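Asker: Chain order of the listed sequences is A and B.
To convert, note that position 205 of the first sequence is 190 in this note's numbering; the numbers rise steadily by one, no gaps.
To convert, note that position 171 of the second sequence is 156 in this note's numbering; the numbers rise steadily by one, no gaps.
Think of the CB as a built atom: it goes at the ideal place given N, C-alpha and C, for glycine as much as any other residue.
From a predicted model like this one, the values you see are computed outputs, not experimental measurements.
There are 2 protein chains.
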Amino acid sequence: MAEKEDKMNVEKAILDAATEEFLSKGFSGARTVAIAEKAGVTHAMLHYYFRTKEKLFECIIDTVIKELIDSVTEAYKRQDASLSFEDRVVAVMNAHLDFIIAKPQLPSFLFMEIFPSTENFKLIKEKASSALGSLNTQLKETLESANNNEEIDNISLPMLISDVVTLNAATAISSQLASKILNITKEEYVAMRKQENEILIRKRLKK
Amino acid sequence: MAEKEDKMNVEKAILDAATEEFLSKGFSGARTVAIAEKAGVTHAMLHYYFRTKEKLFECIIDTVIKELIDSVTEAYKRQDASLSFEDRVVAVMNAHLDFIIAKPQLPSFLFMEIFPSTENFKLIKEKASSALGSLNTQLKETLESANNNEEIDNISLPMLISDVVTLNAATAISSQLASKILNITKEEYVAMRKQENEILIRKRLKK
DNA sequence: AATTTGTTTAACAATTCTGTTAATGGCAGA
DNA sequence: TCTGCCATTAACAGAATTGTTAAACAAATT
């Protein structure tokens, strides 16, 4: 059975190397030989396992999207129902930021490589809508009741989601750059932004 | 004098085509033959005028950065001194968004292609610091006095700038995607975000 | 008109990168 | 032990892309 483990190791090694290469350099900037080298295999092996660069790329997209969706649903599931609406939004937002920060190139990769392509986008929309559909209706209800109960200052669901995603994605994307400009570590910058994002959202939701 | 005009036209045509190609596809995704084709010249001409793809790319960076810096300084200069601090921030923010929206691929291009490269980043930092240095000190003073006069809820300059840039950049980057998801036009989405960003910043600055 | 200068073209050279193939080696089951 | 299958390698083929060159050409200058 050592073969199967070996096979998985080679496949896994290539996938890991490919993820790093594609995320940091984009599809056209990525080199299959560089991926093979990083994975410690000959580049013929890469073609043997994944046939083409495109197919390998699709595999990466699949897992990346899956992880992204999981991060959202997980963060949402972990919620404490006893918390106020405001506290729950902040909790989800922070959990989501933690995930994104672990792969800081992810947002710009998504915006640059995935979303502009209509095909990739359709693919994602399908996956996301099936996975996030129920979450979306739940959110809608929760938000509506919060709006109706006058717990919060009125806001639409798209704008609330957009606020959260926007702030988190921008924090991740700009962290490398901004920390360089401000002469602080990336971690310090992210901590500052986390605090600031929380202030922004809380004030936004307060009446 | 027709020659000089012709020369400028060819150069300009190549630069325009290159800007479009580089911004939408990134450096490695861009093809010099595609640029030449778009510009309506043979691809040998491209090399005649700019020698290499790299040099052409640098030219694009230069103008893009210049325009970006100009947009900020112009927006800042146009300010009405009689306005409150809050109103001035909002005015600058909106002016800046209008510029970015005109080139929606710009932010992701900057984040993907320019900022990650240490060389490009240094180049920009130099240009920006000489152009934005005095603006920065002005801003610092204005913000300090606003903080001291307790006009606004206390905030640091880096976080205020980060808030504004972050919200604007994210609005531009996500506009194409978000409008598709929400089944509205890009313009409608941008208008919604503009309103929402203004609400966010105003509430943030209110005590 | 001849010369010079700078522009343009077409063909080609060189490189880089992706993808293929034929040969090799090891291992499991007959 | 032999056979067949799978993984692996090295060398190669093909395509795409960047960059060069030599020759033609046009316009201005002498």
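What three-state label does DSSP hand alanine 66 (chain A) in the structure shown?
Answerer: As a working mapping, residue 66 (chain A) is identified with position 81 in the first sequence. The answer is coil: DSSP assigns alanine 66 (chain A) none of H, G, I, E or B.
Asker: Distance cutoff 8 Å, beta carbons only. Does glutamine 161 (chain B) sit that close to anything in chain A?
Answerer: Translated into the one-based positions of the second sequence, residue 161 (chain B) becomes position 176. Taking Cβ atoms only, chain A reaches closer than 8 Å to glutamine 161 (chain B), which makes this a yes.
Asker: Could you pull the start and end residues of the alpha helix (DSSP H) that glutamine 123 (chain B) belongs to?
Answerer: Walking along the second sequence from the start, residue 123 (chain B) turns up at place 138. Note, glutamine 123 (chain B): alpha helix (DSSP H), 103 to 133.
Asker: Judging by CA-CA distance, which residue of A:Lys171, A:Leu162, A:Arg178 and A:Ala87 is the nearest neighbour of leucine 95 (chain B)?
Answerer: By one-based count along the second sequence, residue 95 (chain B) stands at place 110. Out of A:Lys171, A:Leu162, A:Arg178 and A:Ala87, A:Leu162 has the C-alpha closest to the C-alpha of leucine 95 (chain B).
Asker: I'd like to know whether the C-beta of alanine 29 (chain B) is nearer than 8 Å to at least one C-beta of chain A.
Answerer: Along the second sequence, read from residue 1 onward, the residue named residue 29 (chain B) stands at position 44. Not closer than 8 Å to any Cβ of chain A, the Cβ of alanine 29 (chain B) fails to qualify, so no.
Asker: What residues from chain B crowd round serine 119 (chain A), counting only those whose CB sits closer than 7 Å?
Answerer: Here the question's residue 119 (chain A) lines up with position 134 in the first sequence. Residues of chain B passing the Cβ test: none, with the nearest at roughly 17 Å.
Asker: If you count every other CB in all the chains shown that lies within 10 Å of the CB of arginine 189 (chain A), and 16 or more means buried, which is it?
Answerer: On the first sequence, position 204 is the one that residue 189 (chain A) refers to. With 16 or more Cβ atoms within 10 Å of its Cβ, arginine 189 (chain A) is classed as buried.
Asker: Any contact of the stretch 147 to 163 of chain B with the stretch 76 to 83 of chain B, i.e. 3+ C-beta pairs under 8 Å?
Answerer: With a cut-off of 8 Å, the stretch 76 to 83 of chain B and the stretch 147 to 163 of chain B count as touching, because enough Cβ pairs lie within range.
Asker: Tell me which residues of the stretch 127 to 143 of chain B have at least one Cβ-Cβ distance to chain A shorter than 7 Å, keeping chain order.
Answerer: So the list reads Pro143, given in the order they occur along the chain.
Asker: Which residue's Cα is closest to the Cα of serine 9 (chain A): A:Ser114, A:Ser102, A:Pro92 and A:Thr103?
Answerer: For the purposes of this step, residue 9 (chain A) is taken as the residue at position 24 of the first sequence. Among A:Ser114, A:Ser102, A:Pro92 and A:Thr103, the Cα nearest to that of serine 9 (chain A) is on A:Pro92.
Asker: Can you list, in chain order, the residues of its chain whose CB lies under 7 Å from that of alanine 2 (chain A), leaving out five sequence neighbours each side?
Answerer: Here residue 2 (chain A) refers to the residue found at position 17 when the first sequence is read from its first residue. If we look at alanine 2 (chain A) and ignore the five residues flanking it on each side, its Cβ neighbours are Ile20, Lys23 and Ala24.
Asker: Indicate whether at least one CB of chain A lies closer than 8 Å to the CB of aspartate 55 (chain B).
Answerer: Counting from one through the second sequence, the residue named residue 55 (chain B) turns up at place 70. Not one chain A Cβ lies under 8 Å of aspartate 55 (chain B).
Asker: Excluding the five sequence neighbours on either side, which residues of its own chain have a C-beta within less than 6 Å of the C-beta of methionine -14 (chain A), listed in chain order?
Answerer: If you number the first sequence from 1, residue -14 (chain A) lands on position 1. Summary for methionine -14 (chain A): the model assigns pLDDT 33, below 50, so the residue's position carries little reliability; its value from the coordinates is reported in the next sentence. Excluding residues within five positions, none has a Cβ falling inside 6 Å.
Asker: I need the DSSP call for lysine 193 (chain A), collapsed to helix, strand or coil.
Answerer: Since the displayed chain A opens at -14 and closes at 192, residue 193 (chain A) lies outside it and no answer follows.
Asker: Between the beta-carbon of glutamate 183 (chain A) and the beta-carbon of valine 75 (chain A), is there less than 8 Å?
Answerer: Here residue 183 (chain A) refers to the residue found at position 198 of the first sequence. Here residue 75 (chain A) refers to the residue found at position 90 of the first sequence. Cβ distance < 8 Å, so glutamate 183 (chain A) and valine 75 (chain A) count as in contact.
Asker: Can the beta-carbon of alanine 15 (chain B) be found less than 8 Å from the beta-carbon of phenylalanine 7 (chain B)?
Answerer: One-based indexing of the second sequence puts residue 15 (chain B) at position 30. One-based indexing of the second sequence puts residue 7 (chain B) at position 22. Contact: yes.
Asker: Ignore the nearest five residues each way along the sequence and tell me which others in tyrosine 38 (chain B)'s own chain have a CB closer than 7 Å to its CB.
Answerer: Position 53 of the second sequence holds residue 38 (chain B). Residue identity differs from the one stated: residue 38 (chain B) is lysine in this sequence, not tyrosine. So the list reads Thr17, once near-sequence residues are dropped.
Asker: Please return the same chain residues whose Cβ sits closer than 8 Å to the Cβ of glutamate 5 (chain B), not counting the five positions on each side in sequence.
Answerer: For the purposes of this step, residue 5 (chain B) is taken as residue 20 along the second sequence, with counting starting at 1. These residues qualify, in order along the chain: Lys23.
Asker: Kindly indicate the opening and closing residues of the alpha helix (DSSP H) around glutamate 22 (chain B).
Answerer: By 1-based counting over the second sequence, the position of residue 22 (chain B) is 37. Here the alpha helix (DSSP H) through glutamate 22 (chain B) covers 17 to 24.
Asker: Does the CB of serine 115 (chain A) have a neighbour CB from chain B at under 8 Å?
Answerer: Residue mapping note: residue 115 (chain A) aligns to position 130 of the first sequence, counting from 1. False, the Cβ-Cβ gap to chain B never drops below 8 Å.
Asker: Alpha carbon to alpha carbon, how far is glutamate 43 (chain A) from glutamate 135 (chain A)?
Answerer: As a first step, residue 43 (chain A) must be located in the first sequence, where it is residue number 58. As a first step, residue 135 (chain A) must be located in the first sequence, where it is residue number 150. Using only the alpha carbons, I get a separation of about 45 Å.
Asker: Is it the case that the Cβ atoms of phenylalanine 70 (chain A) and isoleucine 140 (chain A) are separated by a distance below 8 Å?
Answerer: Against the first sequence, residue 70 (chain A) aligns to sequence position 85. Against the first sequence, residue 140 (chain A) aligns to sequence position 155. Not in contact: phenylalanine 70 (chain A) and isoleucine 140 (chain A) (Cβ atoms no closer than 8 Å).
Asker: Can you give me, in chain order, the residues of the stretch 171 to 186 of chain B that have a beta carbon less than 8 Å from any beta carbon in chain A?
Answerer: Within the stretch 171 to 186 of chain B, the qualifying residues are Met177, Arg178, Glu181, Ile184 and Leu185.
Asker: Closer than 9 Å between beta carbons: that is the criterion. Which residues of the stretch 66 to 97 of chain B meet it against chain A?
Answerer: Answer in chain order: Gln90, Pro92, Ser93, Phe94, Leu95, Phe96 and Met97.
Asker: Is it buried or exposed, glutamate 52 (chain A), if we count other Cβ atoms within 10 angstroms and call 16 or more buried?
Answerer: As a working note, residue 52 (chain A) is residue 67 in the first sequence. With fewer than 16 Cβ atoms within 10 Å of its Cβ, glutamate 52 (chain A) is classed as exposed.
Asker: Just to confirm, are lysine 112 (chain B) and isoleucine 50 (chain B) a CB contact at a threshold of 8 Å?
Answerer: Residue 112 (chain B) sits at position 127 when you count from the first residue of the second sequence. Residue 50 (chain B) sits at position 65 when you count from the first residue of the second sequence. Yes, Cβ-Cβ distance for lysine 112 (chain B) and isoleucine 50 (chain B) is below 8 Å.
Asker: Please confirm whether threonine 151 (chain A) has its beta-carbon closer than 8 Å to some beta-carbon of chain B.
Answerer: On the first sequence, residue 151 (chain A) is found 166 positions in, with the first residue counted as 1. Yes - at least one Cβ of chain B is within 8 Å of the one on threonine 151 (chain A).
Asker: Pick out whichever of A:Leu0, A:Val(-5), A:Glu(-4) and A:Gly11 has its Cα sitting closest to the Cα of serine 102 (chain A).
Answerer: On the first sequence, position 117 is the one that residue 102 (chain A) refers to. The option with the nearest alpha carbon to serine 102 (chain A) is A:Gly11.
Asker: Measuring only between beta-carbons, confirm whether phenylalanine 106 (chain B) sits less than 8 Å from chain A.
Answerer: For the purposes of this step, residue 106 (chain B) is taken as the residue at position 121 of the second sequence. Chain A, which has a Cβ nearer than 8 Å to the Cβ of phenylalanine 106 (chain B), makes this yes.
Asker: Under a CB-based cut-off of 8 Å, is lysine 165 (chain B) close to chain A?
Answerer: Locating residue 165 (chain B) in the second sequence gives position 180, where the first residue counts as 1. With 8 Å as the cut-off, lysine 165 (chain B) counts as an interface residue toward chain A.
Asker: Can you give the Cα-Cα distance for leucine 120 (chain B) and serine 114 (chain B), rounded to whole angstroms?
Answerer: Here the question's residue 120 (chain B) lines up with position 135 in the second sequence. Here the question's residue 114 (chain B) lines up with position 129 in the second sequence. One C-alpha to the other measures close to 9 Å.
Asker: I need the boundaries of the alpha helix (DSSP H) containing isoleucine 158 (chain A), first residue and last residue.
Answerer: For the purposes of this step, residue 158 (chain A) is identified with residue 173 of the first sequence, where counting begins at 1. Unbroken alpha helix (DSSP H) run through isoleucine 158 (chain A): 142 to 167.
Asker: Comparing the C-beta of alanine 155 (chain A) with each C-beta of chain B, is any distance below 8 Å?
Answerer: If you number the first sequence from 1, residue 155 (chain A) lands on position 170. Yes, alanine 155 (chain A) lies at the interface with chain B (some Cβ there is under 8 Å from its Cβ).
Asker: Throw me the rounded Cβ distance for the alanine 154 (chain B) and isoleucine 85 (chain B) pair, which I believe falls under 8 Å.
Answerer: Counting from one through the second sequence, the residue named residue 154 (chain B) turns up at place 169. Counting from one through the second sequence, the residue named residue 85 (chain B) turns up at place 100. Confirmed, about 7 Å.
Asker: Let me know the secondary structure DSSP gives glutamate 136 (chain A) once reduced to three states.
Answerer: Taking the first sequence and counting its residues from 1, the one referred to as residue 136 (chain A) is at position 151. Coil, per DSSP.
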